[in-house]
Structures are given as structure tokens and as C-alpha cells.
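Counting in numbering that gives the first Met the number 0, the sequence shown runs from 0 upward without gaps. Where a beta carbon is used, it is the ideal one built from N, C-alpha and C, also for glycine. Computed from a prediction, not measured in an experiment: that's the story for all the values here. Here's the structure, in C-alpha cells; my notes come after.
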Amino acid sequence: MNLELFDDFDTAPVTSELLCDGAMVLRRFALQDGKDLLAAVDAIAQHAAFRRMETPGGLRMSVAMTGCGAYGWISDRSGYRYDSVDPLTGLAWPRMPHLFLELARRAAAQAGFDGFEPDACLINRYEAGARLSLHQDKDERSFDHPIVSLSLGMPAVFLFGGLQRADRAMRIPLMHGDAVVWGGPARLRYHGVLPVKASPHPLAGDCRINLTFRKVT
Ligand code: SIN
Ligand code: FE2
Numbered sequence: 000m001n002l003e004l005f006d007d008f009d010t011a012p013v014t015s016e017l018l019c020d021g022a023m024v025l026r027r028f029a030l031q032d033g034k035d036l037l038a039a040v041d042a043i044a045q046h047a048a049f050r051r052m053e054t055p056g057g058l059r060m061s062v063a064m065t066g067c068g069a070y071g072w073i074s075d076r077s078g079y080r081y082d083s084v085d086p087l088t089g090l091a092w093p094r095m096p097h098l099f100l101e102l103a104r105r106a107a108a109q110a111g112f113d114g115f116e117p118d119a120c121l122i123n124r125y126e127a128g129a130r131l132s133l134h135q136d137k138d139e140r141s142f143d144h145p146i147v148s149l150s151l152g153m154p155a156v157f158l159f160g161g162l163q164r165a166d167r168a169m170r171i172p173l174m175h176g177d178a179v180v181w182g183g184p185a186r187l188r189y190h191g192v193l194p195v196k197a198s199p200h201p202l203a204g205d206c207r208i209n210l211t212f213r214k215v216t
């Protein structure tokens, strides 16, 4: 496709790239909603602040996290889990904005997973140097639903591996507006993010924001 045909890059079409059976990148999927998504993240963070959680092993994560929806993902000395209460405030997590839900449903459907109704959105904030080591998303009650990820702000390299930690990982550059969906046979693939390089983004400034949508219960 010839992108020069589109004088406004924001209106360039969504294209999809199959990573493996069950996993797909949707380029530019959320590009037009980037501004609204970032404003919604700011509003959420006023009630549930970004925090760098501790791992069960006692290390401080480089990525700062918050969340919205019925459940939030938590890591501390006692392990990883979902909770309906934000331990920082003792209150429920902020509601999931309708725009989040609508985009998550639509991305899942485009990747072949109809009927996705996420009840949690983990919001990750990466400053330059922050990284996420290879892991599986496996704290959810069932793996029948996909994971939907939306990336905003500074670019990053997403690592997408196999079902074993030692499997070779693909390196996938993710830009502002890109979505990744993995489910079905790909649901438990290891994934992570290489240390993010500083490259200030016009809307997000010095950070990368990633939203991952999950169906927890
Ligand atoms: C995650 O695995 O929770 C986030 C992935 C990403 O930041 O792209
Ligand atoms: Fe993950």
C-alpha cells in the first residue's frame, strides 16, 4: 500500500499482521483515538495513581502501573493477583471508560475473537529505560478470552515468544496507536518489552503508555 496516497497520516488505514495462529498486530488501530485515550488515562491516574509495584522477590518494577475496570492487577511481596480494590486508596478501581471497552471489543473481533468483554484494563507507563521482562499473562481465571493491548506514546519493541520461556522471541516494533491481540492457541505465549528508548511523543511526552485488556473472571 502506498501511504503517500493519504495526505493526513491519521487517516491511513488499519493493516493487520498475523504473528502466529491466534496473534495479530493491528497497525494504527487506535490512532484516531490516541488523544482521548491519553486524556482518559490522565483522569484515571488522578484517582488511582501510577505506582511502581514490588515483585514477590522484592524488586521494584521499572514500569509504573495503574488500572481501571472491575479488577486491577497487583504485585507485591505476597505474589501476583487481581483485586477489586486499589490497595493505595482502599477504593474500587475507576470505571472502564466506554471508549476503552469499545476499542477492546472491536480489536478482539478483528483478530477473530468475538464477544470479548474485558473486566480489567492494566495501564502501564514506561519512561525511558523501563522494560518488562518475558512473562505469561496467567493470573486470569480462564484463558478462553484473548488479551488486547493498545500502545500509545513513545515507540517500543515488543517481544513475542513461544509457550516456553526459552523459545525464541519475535521483536515487534509498536508505535502510537498500534494494537496487538493474542488468544486461543497463542493466549499463553511469553511476551515482554525491551528497554524503551527516549523519543518524546507529541501527545504523550516522555513516556509510552500501554493498555492491556483482560477478562479476569
Ligand atoms: C504487558 O504485557 O502487560 C504489557 C505489554 C506492553 O506494554 O506492550
Ligand atoms: Fe503481559
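Return yes when the C-beta of Asp136 is under 6 Å from any heavy atom of the ligand FE2, and no when it is not.
yes
Where Tyr81 and Ala127 are concerned, what is the direct C-alpha to C-alpha distance, given to the nearest angstrom?
27 Å
What beta strand (DSSP E) runs, 3 residues minimum, are completely inside the stretch 136-206?
146-152, 155-159, 169-173, 178-181 and 190-192
Chain-order list of residues whose beta-carbon lies under 6 Å from that of Pro96 (same chain, five-residue window excluded)
Ala39
Tell me the DSSP secondary structure of Val215 in three-state form.
coil
Quick check: does the Cβ of Phe157 come within less than 6 Å of any heavy atom belonging to the ligand SIN?
yes
Note down, in chain order, each residue of its chain lying with its Cβ closer than 7 Å to the Cβ of His234, except the 5 sequence neighbours on either side.
Summary: the structure shown does not reach residue 234, with the chain confined to residues 0 through 216, and so no result is reported for it.
Using only alpha-carbon positions, find the residue among Tyr189, Leu58, Ala155 and Phe159 that is nearest to Leu173.
Ala155
Segment limits, beta strand (DSSP E) that includes Glu126
Ala119 to Glu126
Beta carbon of Val192 nearer than 7 Å to that of Glu139
no
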